[in-house]
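Undergrad: Right, I'll just put the structure down here and ask away after.
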Amino acid sequence: MLFSILIVGLIHGSVAGYIQAILIIISLILFVYLFLLLGEKAGKYTNNLQYRIDRGTDNSFVEYPLGILLYDSDKQIQWVNPYFVEETGFNPSNSMTIGDVSSELASMIDDETHADDKTIQIDDKYYLVQVQSELKVIYLMNITHYSKIEKRYEENRSVIGQVYLDNYAEITQSMSDRDISNLDNYITNELSNWASEQQMFLKRIDDDHFFIMAYTGRIFDMEKNGFKILDVIREYTSQQNVPLTLSMGFSYGVDDLHKLNDEAQKNLNLALGRGGDQVVVKEIGEKARFYGGNTDPMEKRTRVRARMISEALQELLKDSDQVIVMGHSHPDMDVLGSSLGIRRISMMNNTPCKIVINPNTLHSDVSRLLGMIDEDPEIKKDIISPEESEAIKTPRTLIVMVDHSKQSISINPDLFNGDNNKVVVIDHHRRGEEFPENPMLIYIEPYASSTSELITEMLEYQPKNKKAVEKIEATALLAGITVDTKSFSLRTGTRTFDAASYLRSVGADETVIQNVLKENIDSFIQKSHLIETITMVNGNMAVCFGEEDKSYDPVIVAQAADTLLSLDNVEASFVISKRPDGRVGISARSLGNVNVQVIMEKLGGGGHLSDAATQISDSTVEDAKNQLVDVLTESNNKN
Numbered sequence: 001m002l003f004s005i006l007i008v009g010l011i012h013g014s015v016a017g018y019i020q021a022i023l024i025i026i027s028l029i030l031f032v033y034l035f036l037l038l039g040e041k042a043g044k045y046t047n048n049l050q051y052r053i054d055r056g057t058d059n060s061f062v063e064y065p066l067g068i069l070l071y072d073s074d075k076q077i078q079w080v081n082p083y084f085v086e087e088t089g090f091n092p093s094n095s096m097t098i099g100d101v102s103s104e105l106a107s108m109i110d111d112e113t114h115a116d117d118k119t120i121q122i123d124d125k126y127y128l129v130q131v132q133s134e135l136k137v138i139y140l141m142n143i144t145h146y147s148k149i150e151k152r153y154e155e156n157r158s159v160i161g162q163v164y165l166d167n168y169a170e171i172t173q174s175m176s177d178r179d180i181s182n183l184d185n186y187i188t189n190e191l192s193n194w195a196s197e198q199q200m201f202l203k204r205i206d207d208d209h210f211f212i213m214a215y216t217g218r219i220f221d222m223e224k225n226g227f228k229i230l231d232v233i234r235e236y237t238s239q240q241n242v243p244l245t246l247s248m249g250f251s252y253g254v255d256d257l258h259k260l261n262d263e264a265q266k267n268l269n270l271a272l273g274r275g276g277d278q279v280v281v282k283e284i285g286e287k288a289r290f291y292g293g294n295t296d297p298m299e300k301r302t303r304v305r306a307r308m309i310s311e312a313l314q315e316l317l318k319d320s321d322q323v324i325v326m327g328h329s330h331p332d333m334d335v336l337g338s339s340l341g342i343r344r345i346s347m348m349n350n351t352p353c354k355i356v357i358n359p360n361t362l363h364s365d366v367s368r369l370l371g372m373i374d375e376d377p378e379i380k381k382d383i384i385s386p387e388e389s390e391a392i393k394t395p396r397t398l399i400v401m402v403d404h405s406k407q408s409i410s411i412n413p414d415l416f417n418g419d420n421n422k423v424v425v426i427d428h429h430r431r432g433e434e435f436p437e438n439p440m441l442i443y444i445e446p447y448a449s450s451t452s453e454l455i456t457e458m459l460e461y462q463p464k465n466k467k468a469v470e471k472i473e474a475t476a477l478l479a480g481i482t483v484d485t486k487s488f489s490l491r492t493g494t495r496t497f498d499a500a501s502y503l504r505s506v507g508a509d510e511t512v513i514q515n516v517l518k519e520n521i522d523s524f525i526q527k528s529h530l531i532e533t534i535t536m537v538n539g540n541m542a543v544c545f546g547e548e549d550k551s552y553d554p555v556i557v558a559q560a561a562d563t564l565l566s567l568d569n570v571e572a573s574f575v576i577s578k579r580p581d582g583r584v585g586i587s588a589r590s591l592g593n594v595n596v597q598v599i600m601e602k603l604g605g606g607g608h609l610s611d612a613a614t615q616i617s618d619s620t621v622e623d624a625k626n627q628l629v630d631v632l633t634e635s636n637n638k639n
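Letter by letter, the sequence shown follows residues 1 to 639 of the UniProt record's numbering.
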C-alpha cells in the first residue's frame, strides 16, 4: 500500500507528492532498522537464555545436592558426581561395584521392577533412591533429617499394655497373709523398677492386674531382648516355691486410646489363651508378635470352672435347634472321641447333634474305630459328610469346634460362611491369632492333656436322669486321651487320670483301644524310612524328610517325630513330607526344653510348646527344609 502511494506521488510530480514519497521511504527505512534491531536483541536474549539453561543443567548435574551414579551392565561404577562423593565418602575407583557402596543398592539393581522409590541407609545417613534401569543411572536424595523425624514419631507413638499375674489366685490361696504381702511387695517392686527403666507408666488396678502406658520405641527395645522380665520373676518365684508367671498384651498403631485399651485386653486374652507366661505385641491391623511361652503352662483349671462351662453349654443347647460338631482336617482319635462326647452331651440336653467326618482323610486307627461305631445305628446316622453339614445348617445351629480353634483347618471351613454363626470352641492347644469372631463360648485349656479330657469332665456335670455314656463313646474318649498323652507318658496330671478313671467306670475298653491303635506294616515301613533320613541341626535337633514325589499320612509323620525323641541327644524333632492334599507338612515335637510352637508359628503353623505342626502351600520338601533350618539357626543364635 505504501509502495502504491509512493508511485502515485511521483507520477503527479507535485511538491506534496515528493514530500509524501520521501516520508514513506524514511518510514520504510526506519521500520527495517527497528525490525533488524529487535531481531538482534531477541537473538541475544535467546542465546543467553539457552546458555544459562545449558550451564545450569551442567552445573546441577555436577553440583546440585542430588547424588548421581552411573553404572554398567556388570554393576561396575562408571561415574559419580561430586555431591555423591561428598555425601557418602565413596570415591569410586575403576574396580568398585555398586555392592561395595551398599548391598541394598545392589539388590535394587537386581530388582527389575523398581516400581517405587526406596529408602536405604548408608552408614548413618538415609537416602531416597530412584533407579533408571534403561539409562543405568541411580539418583540418591539425602532425607536423613526427615527419616529421623519419622523414626522419632514411630518411636514415640502411644502404647497401652495389660499385665496379668497368671496363677496369682491359685498360688495365694494357701499362703499366709504375711507371705502374700511379701509376694505382693516383690512383684510390685520388680515391675515398678522395670517400668521405671523403660520410662513407662505402671499402675496396679487389681491384685493380679496392672495397667501400662508406654512408647513404641521402648516396646521395640524390649522385643529385642524377649521381655526378660518374665524370666526374672518366674525364676525368683520358683526358687521361693511359689512359681508365679506373667502374661502381657500390648497394642499400638492408632491415636484412639479407648481402642488401644480394648485391643490390649484382646492381646492379653490371646496370651492367656496360649497358656500364659508370654507377651503378645500387636500393631492394629498387623500380625501379632509373640514372646516368652518357654515353659509348659501350669494347671489352673478347677472343677468349678469345668462345671461352669458345662452349665453354660447347656444353656446354649437349649437355644439351638441342633448342633454340628467337627474337628480339624485329617481328624485324629482326640477329634473323634471329643466329637462323640459333645454328641452325648447334646443328647442329654435333648438337642440333635451331627458329627462332620470326611471319610477321605482318615488314618487307619480312626477308620477302625469308625467301623466299630457303624455297628451302632443311632450313632451312625449322626455322622455326616462336609457337604451334608452345609445343607442342614440353619441360623439357630450351634457349631462346636473341637481340638482346634482355627476355622481354616476345620474339616469344613465353608460352614463358617454366612451371618449369625453361633460358635463354641473347645480345645487344648494354645490359641493362635486366627480365631472365630465373637464365639458364644470358649473353653481353651492348654495344660489339659487332650480335648477328650476336657469333655469327659463336662460329661460328669450333665443331667443324671438321661442315658449315660455308651461303651463305644467312653472307649473313643479314652482312646483320644491315650493317643495325645502317648499312653499317659506326656502332659498328664491328676485330672487326666481322674478322667480316665471315670471313663473306665462307664465301660471304656482298653483292649479295644489297643487293637484300634495297632500300626499296620506299611505304616511302620514308611515311618522307618523317614527316620533313616535324620539330619542333626544345632547339635540337638533332629530333622527328617520324605521324597518330593511321595505323600505320607500326617499320622505316620507325627509318629516318626515322636519316635525321634527317644533317641539320645535329641531335644526336638521335625519331620517334613508331602501331604495327601499336595501341601508340605512339618510335624514338630520336643521334650519341653525347645518351644516348637514358636518355631512352627514362624512357618505359619502352631500347637503346643512340645507338640506343634504346620502346612506350607506351593512349596517343595527341600524348600520347606531350608526354611525350617533357617528358623532353627536363627532361634539358636538368639539363645
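Here a beta-carbon is modelled for each residue, glycine too, at the ideal position from N, C-alpha and C.
Measuring CA to CA, which of V323, S617, S610 is closest to V402?
TA: V402 has its Cα closest to that of V323, out of V323, S617, S610.
Undergrad: When DSSP labels each residue in this structure, what does N142 get in the three-state scheme?
TA: Strand.
Undergrad: Express the C-alpha separation of K224 and G99 in angstroms, rounding to a whole number.
TA: Looking at the two C-alpha atoms, the distance is approximately 28 Å.
Undergrad: Just verifying my parser: in three-state terms, what is the DSSP assignment at V557?
TA: Of the three classes helix, strand and coil, the one that applies to V557 here is helix, per DSSP.
Undergrad: Using 8 Å as the threshold, is the segment 251-261 in touch with the segment 221-235, meaning 3 or more CB pairs across them?
TA: No, because fewer than three Cβ pairs between the segment 251-261 and the segment 221-235 fall closer than 8 Å, the two stretches do not touch.
Undergrad: Specify, as a first and last residue, the run of the alpha helix (DSSP H) that H529 falls within.
TA: Taken as a continuous stretch (DSSP letters only), the alpha helix (DSSP H) holding H529 covers 521-531.
Undergrad: With F574 as the anchor, note down where its beta strand (DSSP E) starts and where it stops.
TA: Per DSSP, F574 belongs to the beta strand (DSSP E) from 572-578.
Undergrad: Could you check which residue in P580, N593, E634, G592 has the C-alpha nearest to that of L603?
TA: The option with the nearest alpha carbon to L603 is E634.
Undergrad: Which runs of the beta strand (DSSP E) at least 3 residues long sit entirely within the segment 438-482? Give them in chain order.
TA: Here the runs fully enclosed are 441-444.
Undergrad: Using the Cβ count rule (16 or more neighbours within 10 Å means buried), how would you classify H145?
TA: Classification for H145: exposed.
Undergrad: Of the choices Y139, E263, P463, A271, whose alpha-carbon is the least far from that of M347?
TA: When each option's Cα is compared against that of M347, the closest is P463.
Undergrad: What's the gap between the Cα of D163 and the Cα of D522?
TA: Note that residue 163 is Val in the sequence shown, not Asp. Computed Cα separation, rounded: 51 Å.
Undergrad: For P446, count the other beta carbons within 10 Å of its own beta carbon; 16 or more makes it buried, fewer makes it exposed. Which is it?
TA: Buried, since its Cβ has 16 or more Cβ neighbours within 10 Å.
Undergrad: For the alpha helix (DSSP H) holding T494, just list the boundary residues, first then last.
TA: T494 -> alpha helix (DSSP H) spans 494-505.
Undergrad: Quick one: residues in its chain with C-beta nearer than 6 Å to the C-beta of A558, no 5 flanking neighbours on either side, listed in chain order?
TA: So the list reads S587, once near-sequence residues are dropped.
Undergrad: So, for N267: in the same chain, excluding its five sequence neighbours on each side, which residues have a beta-carbon less than 7 Å away from its beta-carbon?
TA: Result list for N267: G249, F250, S251, V280, K282, A288, in chain order.
Undergrad: Check whether the segment 352-367 and the segment 323-337 are in contact - that is, three or more C-beta pairs closer than 8 Å.
TA: At 8 Å Cβ cutoff, the stretches touch.
Undergrad: By DSSP, does D179 sit in helix, in strand, or in coil?
TA: Three-state DSSP puts D179 in a helix.
Undergrad: Is it right to say P82 is buried, meaning 16 or more other beta carbons lie within 10 angstroms of its own, or is it exposed?
TA: By the neighbour-count rule (16 or more Cβ atoms within 10 Å), P82 is not buried but exposed.
Undergrad: What is the C-beta distance between Y215 and E134, in whole angstroms, given that I count them as a contact (C-beta under 8 Å)?
TA: Between E134 and Y215 the Cβ distance is about 45 Å, and since that is not below 8 Å, they are no contact.
Undergrad: Which residue or residues does DSSP assign as beta-bridge partners of E433?
TA: E433 is not bridged to any residue.
Undergrad: Is it the case that the segment 465-484 contacts the segment 431-442, given that we only count it when at least three CB pairs across the two stretches are under 8 Å?
TA: Not touching, per the Cβ criterion.
Undergrad: Keeping to the same chain, check which residues put their C-beta closer than 8 Å to that of A115; ignore five residues upstream and five downstream.
TA: Confidence at A115 is low in this model, with a pLDDT of 49, below 50, so its placement is unreliable and no value can be given for it.
Undergrad: State whether the segment 492-506 contacts the segment 355-375, with contact taken as three or more CB pairs (one from each stretch) at a distance under 8 Å.
TA: No: the two stretches stay apart, fewer than three of their Cβ pairs being nearer than 8 Å.
Undergrad: For N349, count neighbouring Cβ atoms within 10 angstroms of its own Cβ and tell me buried if that reaches 16, exposed if not.
TA: Classification for N349: buried.
Undergrad: Could you pull out every residue in the same chain whose Cβ sits closer than 7 Å to the Cβ of D365, ignoring the five residues on either side in sequence?
TA: The answer, listed in chain order, is M333, V516, L517.
Undergrad: In chain order, which continuous runs of the beta strand (DSSP E) of length 3 or greater are located wholly inside the UniProt domain "GGDEF" (156-284)?
TA: Complete beta strand (DSSP E) runs here, min 3: 158-165, 201-206, 209-215, 246-252, 278-283.
Undergrad: Does DSSP put V424 in a helix, in a strand, or in coil?
TA: Three-state DSSP puts V424 in a strand.
Undergrad: Where R218 and E197 are concerned, what is the direct C-alpha to C-alpha distance, given to the nearest angstrom?
TA: Taking the straight line from one Cα to the other gives about 10 Å.
Undergrad: Is the number of C-beta pairs between the segment 621-632 and the segment 532-552 that are closer than 8 Å three or more?
TA: Flag = yes, the segment 621-632 and the segment 532-552 touch.
Undergrad: Please classify S577 as buried or exposed, where buried requires at least 16 other C-beta atoms within 10 Å of its C-beta.
TA: It counts as buried.
Undergrad: Straight-line CA distance for S619 to N193?
TA: Answer to the nearest angstrom: the Cα atoms are 48 Å apart.
Undergrad: On a Cα-Cα basis, can you pick out the residue from P436, N538, V137 that is closest to F416?
TA: Checked all of P436, N538, V137; the closest Cα to F416 is P436.
Undergrad: If distances are taken between C-alpha atoms only, which option among Q314, S147, F211 comes closest to E460?
TA: Checked all of Q314, S147, F211; the closest Cα to E460 is Q314.
Undergrad: Are the CB atoms of I77 and L66 within a distance shorter than 8 Å?
TA: Against a cut-off of 8 Å, the Cβ pair of I77 and L66 comes out as no contact.
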